[in-house]
Structures are given as C-alpha cells and as structure tokens.
Amino acid sequence: MKIKRVRLKNFCGVDEVEVQLSPTGVTLIHGPNEAGKSTLMTAVDVLFDHRDDSKKEEVRNIKHVSRDVGAEVEADIEIGDYRFTYFKRFHKDRETVLTIHSPRAENLSGREAHERVRQILDGSVDTGLWQALRILQGGNLEMPALHDQRALSEALDRAAGQAKAGDKENALFESAYAEYGQYYTDTGKEKEPSLGQARTRAAEATAKEQGLQSELNALEADVTRHASLERSLATLKRGLAGLDASQAKAQATWDTVSKLADVVELARSAKQLADHAMQTAQSGLQQRNELIDQAAASEKKVQDAKSQHDQTTAALDSATGSLSEARTKRDEATAMATRCDAEESIRRADLDFREEEFELVRMQERLQHVTLADDAAAQASAVVSATKITEQLRTKIRNAEVQLKTEQGILNSASPKVSITSLESVPIAINGEALALQAGQTRALSVNETVALKIGSVAEVRVEPGTSADTLKQAVADAESALAKACAQAGVANSEEAESAWACLAEAKRTLADRDRVAKEHLRDLTREELGKRIQASKAKVDAYKAKRTSEIALPSTSDECKALLNSATTAAAEARALQKKAEAVFGEVQEHHTRCREKHARSSATLEREQQDHKNAIGRLEQARALSSDAALASALETAQASAKTASANFTAAENRLEGADPESAKSMLDAATAAAKAAREQFDAQDRELIGLRTKLDLVGDKGLAEALAESKRATFEAEDSLARLLRRALAAKLLYETLSAERQAMRRAYVAPLRDGIERLGRHVFGSTFRVDVDERLQVVSRTVDGVTVSVKQLSTGAQEQLGLLVRLAAASMVSKDGGVPLVLDDALGSTDEGRLEAMGAVLRVASQDTQTIIITCAPERYIHVGAQSSVAMSRTSSLRG
Amino acid sequence: MKARFLHTSDWQLGVTRQFLSADSQARWAEARFEGIRNLGRIAKEELCEFIVVAGDIFESNQVDRRTILKACEAMASIEIPIYLLPANHDPLDAASVFSSKPWKDRKPANVHVLDAMGKIFEVRPGIEVVGAPWTSKRPLTDLVSTAADALEATTGVIRIMVGHGAVDQLSPDKDNPALIRVADAEKALSEGRYQYLALGDRHSLTSIGTSGRIYYSGTHEAYDFGEVDPGKVLIVDLEPDTITATPRQNGAWRFAVHETHVSTSEDVEALSRFLEASQDKERTILKLGLVGTLDIQSHARLEEVEEHASELFAAIVRSGSRSELSIMPAGEDFENLNLAGFAASSVEKLRAQASGTGTERDQAADALALLVRLVGRTA
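Okay, structure coming up:
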C-alpha cells in the first residue's frame with residue numbers, strides 16, 4: 007500500500023492541509039508542535055476504519071476544535087493494482103466517495119464505498135503489520151509485534167523457500183484457533199463458559215446425586231432398622247411376661263426371709279436392753295467404790311500439804327530478816343556515792359570557770375592589738391591620701407635637681423671668674439651683700455651675671471658677664487623651673503621634701519600592710535565584731551558563774567589548783583560508786599531469795615487450801631450417793647440384771663439360727679437378679695420403643711420427600727451432564743490437538759524463515775553498530791539480544807538510544823521484506839529522539855538505503871535530526887495550516 | 451358364579467431412565483399414567499368388574515409427591531374397583547408409599563390396597579380378592595403360600611389370589627427363599643383355596659404352570675430393553691371350572707435395539723433409510739449397536755444421520771458394549787483439500803497419530819475430522 011496524497015479540512019485543529027507523499031523513499035513531514043503532523047496519520051486511520059456516520063470516540067475526537075462543520079479527509083491510495091481516491095466527511099453533511107481509477111474505473115459512495123475499500127484492504131493489505139511497524143510519539147522503545155503478521159509471514163515464507171502456505175492455510179489456522187478459543191484460553195486453560203461450566207454442571211449433578219443417594223441410603227437403613235425394631239420389640243414383649251413371673255416368685259421367698267429377719271431383730275433389741283441393764287448395775291457399784299477410794303485419798307493429800315506449808319513459812323521468815331539488813335547497807339553506800347559525785351561536779355565547774363576566765367583575758371588582749379593596728383592604719387590611709395608624690399614624680403624631681411646642678415656647674419665653670427683676695431681687711435660687698443673676707447683669704451666668684459663689687463670705699467668694680475654666660479644662665483633657669491614644676495606636682499617645696507614625703511608614704515603603706523597581718527594573727531578566722539561578741543559571751547559566763555556559785559567549798563584561785571582538787575574528787579567518787587554497786591548486788595541476791603521463799607510459801611498455802619476443799623467435796627459426794635442407795639442395795643441389783651441378760655442372749659441365738667436356715671443371701675440374690683433382668687428388659691423395650699417412635703416420626707417426615715425418584719432423576723441429569731461434558735471434551739480435545747499441531751508446524755516453519763528477517767536487521771544494523779553486529783530473533787520474530795564485538799546484551803538491558811535504533815532497524819528490515827508485494831508504509835513519528843549525533847548520521851544512511859523500495863513517512867518537529875537521510879521529499883507544516891507539500 | 455376382571459402389574463410409576471433426555475423422560479413418564487387411564491378404558495370396554503394390580507405400582511416407596519397425586523388422579527378416572535398389591539418396589543414397610551400423606555389424602559375410593567397377608571377383600575358377594583403383600587424388599591418365605599395357608603377352601607365363591615415375585619420354574623436363583631413355588635400354588639388352586647393367581651414382577655405376559663390359572667400380566671407400558679411383548683393387560687373370565695385369559699395391547703412405547711455393520715457410505719445410507727422407515731419414532735427408544743470402520747466423510751455423514759434421528763426419536767442410545775465403531779481417515783479425505791505448507795504437514799502428523807491406537811488415535815481422528823470440517827467451511 008502507498009499513500010500518495012492526504013488532504014484534511016476542518017480536521018481537529020487543522021483548517022486545511024494537503025500533503026503529497028513520495029511512493030518510495032523517505033518523505034519528511036516537519037513543523038512545530040500542534041501543526042497537525044501526527045493528525046495526518048490519524049486521519050488515514052479514521053478514513054479507512056470508520057464509516058462517516060460513526061459515533062465512536064475516534065470519530066468524535068476529530069471534530070474541528072472551533073468550527074461547527076464536518077471534518078474532511080481525502081487520500082490518494084495505491085494498493086496492488088488498485089489506484090483510488092477516497093473521501094469522507096464526518097459529523098455534518100456526511101459523505102463518502104470512492105473513485106477507483108484502475109484496474110477498472112468504479113465510482114461508489116456511502117456505505118458501499120466504505121465496504122469496497124475494506125474489501126480491497128482486507129484482500130491486499132496487512133493492516134496488522136502496518137500498525138505494528140509504526141512508531142508513534144512516545145513509543146520509540148517498543149519492538150514491533152511481528153508475530154502473526156500475515157504479509158511478513160508470507161514474505162518470510164517465500165524467502166525461506168516455503169511459499170506454500172497461503173490464505174487457505176491461514177484461514178484454516180484462524181478457524182482452528184477460533185475453535186480452540188471456544189474451549190481454551192491462550193494460556194491453554196479451559197474456558198469457564200464452555201468446558202468449565204460443563205465440568206461444573208457435571209460435578210454439581212454428581213454431588214447432588216451423591217447427596218440424594220446418601221439420604222436415601224439413610225432412609226432405607228432407617229426402614230430396615232424400623233422393621234428390625236418391630237421384631238425385636240415383639241420378642242421383648244413376650245420375654246417381659248416370663249421375667250415378671252420370676253420376679254414375683256423371688257419376691258415371695260424374700261418376704262418370708264424378711265419376717266424371720268424381723269424376729270431376729272426383735273430378739274437382738276431385747277438382748278441389747280438386758281445387757282445394758284446389767285452394765286448399768288455394774289457401773290453403779292463400781293462408781294460407789296470409786297467414791298470411797300476418792301475420800302480416803304483426799305484425806306491423805308491434806309496431811310501432806312499441811313507439812314509442806316509449815317516448812318515454807320519458816321524459810322520465808324528467815325529470808326525477810328536478811329533482806330532488811332541488805333537494804334540498809336545498800337542505802338548507805340548510795341548516799342556516799344551521791345555526795346562524792348556532787349563534789350566532783352563542783353570541782354569540774356570550778357576548773358571550767360577558771361579556764362573560761364583565762365580565755366577571756368586572752369581574747370581581750372587580741373582585740374586590743376587589732377584596735378591599735380586599725381587606728382594606725384587609719385592614720386596611714388590619711389597620709390597616703392594626702393601625699394601626691396609618686397615613684398614617677400620622685401624620679402622626675404631627682405632628675406630635675408641633677409639637671410639643675412649640672413647646669414649650675416656648667417655656668418660656674420664657663421663664666422668669667424673673679425677671684426678676690428683680701429689683702430687687708432677691707433669691707434667688701436658683692437652686689438650689696440657684705441662679704442667678710444679676712445686678709446689673705448680669697449674668694450672666687452663666677453661672673454654669670456653682673457657683679458657689683460664694692461671694695462670698701464676704695465672702688466666699686468662692675469664685672470659684666472659675656473653673652474655666653476647669659477645662655478648658660480638661661481639653662482640654669484630652665485632647670486630650676488623644671489625642678490620647681492615637678493615639686494609643685496608632687497606638692498613639695500624641694501627635693502628634700504620630696505624625699506621626706508616619699509619616705510612618709512612608704513611608712514604609711516607598711517603600716518597598712520601591717521594592719522592585715524595583725525588582724526590575721528589576732529582575729530584568725532573571726533571578724534572584729536565576732537571576737538567582740540565572744541568576749542561579751544565569755545564575760546557573761548564568768549560573771550554568771552561567780553554569781554551563782556554558793557557551795558561552802560572554797561573556790562580555788564587558779565586553774566592548776568582546780569585541776570588537783572578535781573582529780574581527788576574524781577577518785578573518791580569512783581570508789582564510792584564501786585561500793586554502792588557491790589551493796590546493790592548483795593541486796594539483789596537477798597531479795598531474789600526472799601521472793602523465791604515467798605512464792606513457795608504462797609504455793610504451799612494454795613495447795614493446802616485446795617486439798618482441804620477436795621477432801622470436803624469427796625466426803626460430800628459419797629454421803630450424797632449413799633443417801634440415794636446404800637452399798638448393799640447396789641450389790642443386789644447387779645445380781646438381778648445378770649440373770650435377765652443371760653435369758654435374752656439365749657432367745658437371740660435361737661432366732662438367728664432360724665433365719666440362717668432360711669438362706670437369706672440366696673433369696674436376696676434371686677430377687678435382685680430377677681428384678682435386674684426385668685428392669686433391663688423393660689429398659690431395653692422402652693429404649694427400642696422410643697427409637698421406633700423416633701424412626702416413625704423421622705420416616706413420616708422424610709418418607710414423603712420422594713427421594714428415590716429424585717435420585718433417579720438426579721442420576722439421569724448426571725448422565726446427561728457427563729455425556730454432554732464428554733461430547734464437549736471430545737470436541738475440545740480435537741480442537742486443541744488440531745490447533746496445537748497446526749501451531750507447532752507453523753512455528754517450526756517459522757523458525758526457518760526467521761533467518762531472512764534476522765539477516766535484514768543485521769545487514770542494516772552494521773551501518774550503525776559496526777561489522778560485528780548480530781541479533782538473535784526468536785520464533786515470534788522478536789529480537790531477543792544484540793551482539794557487538796562478541797558481547798551479547800539482552801534488548802531490555804540496552805541503553806534507551808540503542809533500543810530505539812534497534813527498534814527502527816527491525817521495522818525497516820520488516821518493511822523492506824514486504825515492500826516487494828506492495829508492502830505497507832513505514833510511519834515514524836518523532837523517532838530517534840534519544841539518538842546521538844554520530845548514530846543519527848548512521849541511522850540516516852540506513853533509512854535512505856532501506857527506504858529505496860519502501861514508502862517511509864517521517865514525522866518530526868526536529869528536521870535537522872534527519873539531515874543525513876536525504877529525504878525524497880520534504881513537507882513543512884505550520885500551526886496556521888493551509889500548506890501544500 | 452362368574453367373574454370378569456382385568457389383570458395388570460408393574461406400573462412402576464415414577465421410574466426414570468438416565469439415557470433419556472429431560473423431555474423424553476417427561477413424555478415417557480407421562481405415558482405410564484396415560485397407560486392407567488387406557489387400561490381403565492379397556493376394562494370398561496371389556497365390561498370388567500374390577501382390576502387387580504399385582505405389585506410394583508410405584509417404582510419406589512420414595513416417589514415424588516406429584517407421582518402419587520397423578521397416579522391417584524389416573525386411577526380415579528376408572529369407575530370400577532382397583533386392588534393394589536404392595537411388592538418389592540413399594541413394600542409395606544415403615545416408609546411405604548401407601549402410608550404417605552399424599553396417598554392417604556388423595557387415594558380414590560375405588561382403590562383398595564391389599565395391605566395384610568391373606569386378608570380377604572370382597573368385591574361383591576361371591577367374588578373375593580386376597581393379597582400376599584410384601585412388607586420388606588427381601589422376604590424370607592413364599593408369600594403366596596403363606597397367604598394361602600390361612601385360607602379355607604371355598605365353594606360358591608370365586609377367589610383371586612394376588613402375588614408378586616419370581617416363580618421357581620423360571621428363576622435361575624433357586625436358593626431364593628421367597629420364590630413362589632408353582633407346585634404349591636397349583637395345589638392351593640386344586641384345593642379350592644383360590645381360583646386364580648394373578649402375578650406381577652415379570653414384565654412380559656407369561657402363563658405359568660399347567661393349570662392355566664396362573665399368569666404374569668406383564669407391565670402395562672414398555673419399561674426397558676429386553677422385554678418380550680410388553681404393554682399388555684390381561685382380561686380374565688373366571689368361573690369355578692373354566693378360565694379364559696385374553697391379552698389386550700395397552701402400551702404405546704417401544705424399547706428397540708438395532709445392531710448393524712457400518713463400514714462404507716452405503717452402510718450409512720442404509721442405516722439412514724432404516725431410521726427413516728421406523729414407525730412411531732416419537733415413542734421409540736432405539737439402541738444402536740454399530741460396528742465397523744468409517745472414513746472421515748462417512749463418519750461425518752453418520753453423525754449427521756444420527757443427529758437427525760435424535761431429533762425425531764424419543765431417544766437414540768449408542769450401545770457402549772456392542773458399538774465398536776472407529777474412524778479411520780482415508781487418503782481421499784484429504785486429497786481434495788489441497789493444503790500446503792504447515793497445514794499439509796499438520797495433516798500428515800495427525801494421520802500418523804490416527805493410525806495408532808487408543809485415545810491418541812481417537813483424538814487424532816477427531817482432530818482430522820474437525821480439520822476437514824473447517825476447511826470445508828472456509829472454502
């Protein structure tokens with residue numbers, strides 16, 4: 007099939023466009039997005055697949071986006087010998103027009119035209135292959151499904167030299183597949199609507215039959231059981247009569263035995279009464295003797311208790327005397343110990359007082375030291391505050407004085423010198439100041455200022471210094487000024503004062519430092535206030551002790567004296583306490599002995615009292631008993647009772663012998679056995695009767711259900727269902743075997759013709775992947791793996807670009823194979839988007855070579871990608887589509 | 451004294467045949483009820499005074515309620531008394547159909563169940579019916595003898611004994627304690643305890659013994675393959691010294707068997723003609739026993755013939771044991787198909803399998819038959 011021209015009008019977003027396509031080689035349709043490039047192929051599909059009145063979604067989707075007009079498609083098509091122009095308008099003013107130009111002219115319209123084109127297509131075009139070979143936008147990676155593509159199969163058949171299978175065989179295959187499909191899925195499983203349901207029906211029928219059979223079996227078992235029970239009950243009923251008679255006979259025997267047993271029981275009672283009377287008489291006599299014995303024994307006990315009581319009374323008196331003596335001694339020792347303890351306490355308090363007093367004096371001295379240091383420090387602080395001199399100023403003053411003296415020295419040595427030697431005593435005045443100069447004495451003067459020398463009244467000499475002397479004088483004056491300034495800063499008049507002030511400052515600082523030392527030494531870890539408080543507290547204690555001490559014992563004047571007296575008192579107290587302890591121990595022992603004596607005495611008193619009371623009671627009881635019955639009367643009653651008991655015993659033995667002769671055990675066994683047998687038989691009868699009633703009720707309910715007929719009908723239905731299944735299965739297995747045989751044979755032949763396709767792919771692929779390129783193609787014509795340079799990689803593991811290139815190579819090879827029979831157009835929409843520049847060049851060459859006999863339509867928005875193809879024709883489309891290629 | 455009555459048995463109402471389709475089964479079942487009405491008409495025509503049914507009125511005690519109701523309805527259409535004997539299919543056990551609620555509710559007044567051993571039912575003064583009913587499916591004695599033991603010889607009264615079961619003269623199972631001893635029966639007849647023994651169990655009309663007074667009437671409507679002359683009823687004219695038993699056709703259905711060889715297309719056509727010529731197809735259940743080997747084309751034709759017949763006959767049943775028919779694909783089956791390529795090789799492969807044995811052979815033959823059919827359809 008070749009598409010030579012396509013024209014669209016009012017189609018989707020396209021107003022109008024017409025494109026001429028090259029019947030062989032590559033036609034490149036390019037333009038921006040939404041220009042309608044892909045719409046061209048959609049239009050061809052809609053034109054072929056749908057009638058102009060179709061309401062399907064594909065047709066609704068092609069309606070123009072803004073105009074309320076019918077979408078139009080027209081195409082010039084070449085299929086085998088057919089050349090025709092096919093036009094359709096959808097939605098509004100619907101129209102289909104077919105103009106066949108060759109092999110003979112035909113003009114058809116409407117549905118007839120549509121059917122005619124379908125007929126031509128179905129007869130000559132492998133539409134499945136056409137769809138399979140397309141690359142749609144976004145689908146570049148998919149390998150084409152070439153399996154079962156008729157045109158390709160035929161081409162491969164021919165290439166493989168087995169061009170025998172044709173339409174007839176393929177139709178047979180399709181029919182066999184359809185037949186197979188009635189019963190099985192593609193995976194070989196039985197289909198539910200046919201075999202599955204038949205199996206289910208058969209299974210259900212069988213299950214129902216089995217259920218009914220079970221019910222019927224149960225019913226028949228019940229019927230059998232019912233008959234059996236009826237027979238059994240009749241037998242039991244007869245047996246029951248005999249058992250009742252046996253039971254009555256045994257009962258009569260047992261009644262006789264029972265009467266004898268009653269006589270035995272009466273005799274036993276009489277014997278028991280007589281025995282009891284004899285025992286009572288014996289007991290009475292025995293009790294009387296016991297009372298007599300008890301009175302004698304109690305009297306003896308009273309005498310023993312009296313003797314014991316006398317002994318304990320004497321012992322208690324002796325112990326009481328000893329206790330009084332020991333108590334006196336203990337009290338004396340205690341008084342002595344108390345006195346000694348008191349003196350020891352006074353002596354200890356005195357010592358504490360003297361030591362406190364000594365500590366008070368010490369603390370007062372420490373406080374005084376601190377007070378004096380604080381006063382000195384206060385004065386020193388005042389000195390430090392008042393003194394301006396510092397180390398720096400002191401140095402400055404010293405330096406200024408040295409400078410002054412130096413300048414003065416220079417002045418003096420550089421100035422003209424006047425030496426005055428008195429020749430005689432003459433009053434001399436220098437600058438108006440008299441100078442006492444003895445004869446022969448010389449006085450030298452430096453002339454660094456005008457010197458007026460008046461020598462008596464003889465002469466007045468004026469000596470004027472030169473100009474150099476002035477300079478020197480100025481230096482001296484500067485030095486003096488500097489000294490004065492420094493002294494003024496330090497608050498002193500001169501350097502001597504400065505030194506004195508410096509010394510005072512140093513002393514003040516030392517005093518301040520000494521105050522801390524004194525405070526540390528005397529206050530230790532206390533503050534001055536705390537020390538003061540301690541002194542006050544100590545003084546209060548001392549004063550208080552003096553005030554409260556009232557003992558007649560004189561207060562020692564020193565601590566040492568206190569200590570000596572305390573030691574003596576302590577020793578005396580210890581001795582007194584030891585004596586007291588000893589006296590206490592003696593007293594304890596005596597007291598314990600006394601307590602024991604007292605207890606013994608108390609016990610003996612109580613015993614005596616109790617024994618006396620017991621004896622009195624025994625005498626009382628004996629007298630009371632004798633008042634009721636004398637000793638002689640009791641002896642007589644015993645003799646009478648013994649005689650009666652002997653008679654009753656003889657009677658009892660005789661009755662027992664009579665009962666023994668009647669064999670009561672056998673009689674009882676016989677009765678029990680007869681009763682048990684009758685009871686068991688009756689229970690069995692009742693049980694079976696109940697069961698029979700139950701069965702009858704059950705059968706009444708189930709018997710009317712028509713189970714046997716239902717079972718027979720169920721068996722018939724099962725037979726029918728199984729027969730139906732068997733027939734269906736036979737047809738299904740025949741279809742399966744036929745389809746599988748045809749399929750296997752076709753696959754076997756396919757394997758032979760896979761080779762040409764593989765060769766085609768490899769031939770084209772060498773341009774892209776190199777000379778070592780190989781592919782493995784399976785029976786379903788799917789490329790399984792790629793081998794380059796000996797390295798085999800499965801298709802799915804290849805890179806996106808390589809998969810894309812391989813997918814295109816497969817399509818090109820397949821299209822190339824079918825092109826000789828007219829083939830189908832190869833449509834590549836937006837392909838090779840993942841291919842790099844180098845491969846694009848190679849793929850371009852492949853496309854050119856492979857499309858020599860094939861109509862290849864490339865749709866792209868990036869035409870530069872296909873620059874290496876050398877397209878046969880090129881069509882540019884724009885968004886305002888009204889273009890012609 | 452003279453009695454004229456209708457002797458029938460083995461109605462087997464509620465019976466089902468699994469080889470029948472649901473439709474055929476329904477029609478055949480209905481025919482059994484219609485057979486009752488029909489024998490009622492015959493009794494009326496023959497001026498019979500009453501009818502005795504010698505057992506197996508129902509196929510089972512556990513028949514469907516509708517079966518009981520329809521039986522009552524059919525018997526109610528007959529104006530003369532009907533005496534029914536419970537037998538091995540419907541014994542008087544705890545689940546007896548004759549004590550079921552639908553039976554008790556709907557039993558027509560003219561119908562009497564012979565429900566006690568040796569109990570005498572007086573039809574009218576001088577005519578009595580006595581039954582030997584079954585109370586279980588496996589009795590341990592000759593029930594007819596047991597019933598007769600209780601009877602006194604009569605004079606001036608015609609008494610009909612109704613019994614059911616195999617007679618010792620015909621049964622291969624001589625150890626069966628329940629066999630009816632013909633000699634004892636004939637002795638009872640000679641002693642005058644009863645004058646006629648109406649038997650059921652055997653579905654074919656059969657005279658028993660030498661007295662001429664013991665009969666199996668056979669079933670009133672064909673029941674199964676292998677029955678000899680079923681579908682009859684017996685009109686009995688009985689006098690103390692004479693008896694006349696006249697059979698009348700009552701049933702309309704047939705169980706037929708046709709066994710033949712089919713190995714050529716001519717055989718198939720002959721079978722076709724036979725089937726075409728058969729009468730009363732809609733009431734005929736035909737068992738086909740086909741033996742032979744057919745090619746695919748002939749087999750396809752045979753299937754066509756059978757399919758056509760199945761639509762006309764009440765049922766066509768292929769005998770499993772007797773039918774030994776196989777398909778043997780022949781060369782000419784495929785020569786005209788002109789298949790090539792994989793299709794041709796597939797045919798060869800399947801033909802090779804079809805020449806084997808067993809299931810594989812049958813499946814291959816079926817597959818080839820399908821192939822021929824599909825090619826024919828697509829041509």
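Just so you know, the sequences run in chain order V and X. Counting in this note's numbering, the first sequence runs without a single skipped number right up to 891 at its last residue. Counting in this note's numbering, the second sequence runs without a single skipped number right up to 829 at its last residue. For each residue, glycine too, the CB sits at the ideal point set by N, CA and C.
- A residue is called buried once 16 or more other Cβ atoms fall within 10 Å of its Cβ, and ARG588 of chain X, having fewer, is exposed.
- Rounded to whole angstroms, the gap between the alpha carbons of GLN444 of chain V and LYS423 of chain V is 20 angstroms.
- Contact annotation: the stretch 696–715 of chain V does not touch the stretch 750–765 of chain X, with fewer than three C-beta pairs closer than 8 angstroms.
- Annotation note: the stretch 720–764 of chain X contains the following uninterrupted alpha helix (DSSP H) runs of length 4 or greater, listed N- to C-terminal: 746–762.
- By alpha-carbon distance to LEU734 of chain V, the top candidate from V:ALA481, V:ASN418, V:GLU198, V:ARG404 is V:GLU198.
- Put simply, the CB of ASN511 of chain X is near chain V, with a gap under 9 angstroms to one of its CB atoms.
- By the neighbour-count definition (other C-beta atoms within 10 Å, threshold 16), ILE559 of chain V is an exposed residue.
- The C-beta distance from GLU175 of chain V to ALA790 of chain X rounds to 6 angstroms, short enough to meet the 8 angstroms contact threshold.
- Listed in chain order, the non-local C-beta contacts of ARG583 of chain V below 7 angstroms within the same chain comprise ALA343, local neighbours out to five positions each way being set aside.
- Taking a Cβ-Cβ threshold of 7 angstroms, the residues of chain X close to VAL229 of chain V are ASP543, ALA544, ALA545, in chain order.
- The contact set of LYS551 of chain X on chain V, defined by CB atoms closer than 7 angstroms, consists of ASP710 in chain order.
- The continuous alpha helix (DSSP H) containing PRO670 of chain V extends over residues 670–709.
- Taking the Cα positions, LYS10 of chain V is about 23 angstroms away from HIS874 of chain V.
- Taken in chain order, the unbroken stretches of beta strand (DSSP E) that lie wholly in the stretch 84–134 of chain V and span 3 residues or more are 88–95, 101–108, 112–115.
- In the DSSP secondary-structure assignment, LEU684 of chain X is bridged to X:HIS457, X:PRO697.
- Under a criterion of Cβ atoms nearer than 8 angstroms, the residues of chain V adjacent to ASP816 of chain X are, in order, ARG736, ARG737, LEU739, ALA740, LEU743.
- According to the DSSP assignment, PHE508 of chain X belongs to no beta strand (DSSP E), since it is labelled neither H nor E.
- Spatial neighbours of LYS214 of chain V in its own chain (CB-CB distance under 7 angstroms, excluding positions within 5 residues in sequence) are listed in chain order as SER720.
- Here the C-alpha atom of ALA276 of chain V lies approximately 22 angstroms from the C-alpha atom of PRO670 of chain V.
- Non-local C-beta neighbours of ASP250 of chain V in its own chain, meaning closer than 8 angstroms and more than five positions away in sequence, comprise ALA684, ordered along the chain.
- When Cβ pairs closer than 8 angstroms are counted between the two stretches, the stretch 325–335 of chain V is seen to touch the stretch 593–600 of chain V, the count reaching three or more.
- The beta carbons of GLY505 of chain X and LEU456 of chain X sit no closer together than 9 angstroms.
- Per DSSP, HIS670 of chain X lies in no beta strand (DSSP E) and is assigned neither H nor E.
- In the structure shown, PHE500 of chain X adopts extended strand secondary structure according to DSSP, grouped into three states.
- Among the residues facing chain V, ASN788 of chain X is included, as its CB has a counterpart in that chain under 9 angstroms away.
- Nearest Cα to HIS607 of chain V within the set V:ARG73, V:LEU14, V:THR318: V:THR318.
- Spatial neighbours of THR841 of chain V in its own chain (CB-CB distance under 7 angstroms, excluding positions within 5 residues in sequence) are listed in chain order as GLY807, GLU810, GLN811, MET849.
- GLY781 of chain X and LEU721 of chain X have their C-alpha atoms some 24 angstroms from each other.
- Proximity of VAL825 of chain X to chain V, defined by a Cβ-Cβ separation below 9 angstroms, is satisfied.
- Straight-line measurement puts the Cα of VAL678 of chain X at about 8 angstroms from the Cα of HIS653 of chain X.
- A check of alpha carbon separations from LYS402 of chain V across V:ALA496, V:PRO150, V:GLU84 identifies V:ALA496 as the nearest.
- From the beta-carbon of GLY172 of chain V, the residues of chain X found nearer than 8 angstroms are ALA790, GLY791.
- When C-alpha distances from ALA481 of chain V are compared across V:GLU455, V:VAL376, V:GLU439, V:ILE416, the shortest belongs to V:ILE416.
- Two segments are said to touch when three or more pairs of C-beta atoms, one from each, lie closer than 8 angstroms; by this definition the stretch 812–826 of chain X touches the stretch 740–748 of chain V.
- A residue is called buried when at least 16 other Cβ atoms come within 10 angstroms of its Cβ; ARG372 of chain V meets this threshold and is buried.
- For a Cβ distance threshold of 7 angstroms, residue set LEU824 of chain X lies close to ALA182 of chain V, ordered along the chain.
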